[in-house]
Amino acid sequence: MRHIQNVVDRVKPNGMIIADNVMSHDISDYQQWVRDRADLETITLPLNRGLELTMKLRS
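No gaps in the numbering here: position 51 of the sequence shown is 1330 in this note's numbering, and each next residue is one more.
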């Protein structure tokens, strides 16, 4: 999760992080990590193999 933490640190409030193929790959650690953070809001869209949209709420 160190790499995604570096990405989140660089995203401004209301900025988006998009993860593709979340239903076809085992990225459950990533999904749990973003869901556990109070400064991120995330939703998974069942498009193709899954698309996860995460918005940074505050810095």
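Even for Gly, the Cβ is constructed at its ideal location relative to N, Cα and C.
Quick caveat, the model's predicted, so the values are computed rather than measured.
Of the choices the options, whose alpha-carbon is the least far from that of residue i?
i     : options                       : result
E1331 : I1306, H1282, K1291 and N1285 : I1306
L1336 : L1326, M1280 and M1295        : M1295
D1421 : Q1310, M1334, P1325 and D1308 : It is not possible to answer for residue 1421, since the shown part of the chain is limited to 1280 through 1338.
T1321 : R1328, Y1309 and H1304        : Y1309
L1326 : I1297, D1288 and D1315        : I1297
G1329 : Q1311, R1316 and D1299        : D1299
Here's the rule: buried if 16 or more other CB atoms are within 10 angstroms of the residue's CB, otherwise exposed. What is residue i?
i     : result
V1286 : exposed
State the CB to CB distance for the pair residue i and residue j, rounded to an integer number of angstroms; the pair is presumed to be in contact (CB under 8 Å).
i     : j     : result
V1301 : T1323 : 6 Å
Complete runs of the alpha helix (DSSP H) confined to the region 1281 to 1335 [at least 4 residues]: 1281 to 1289 and 1307 to 1315
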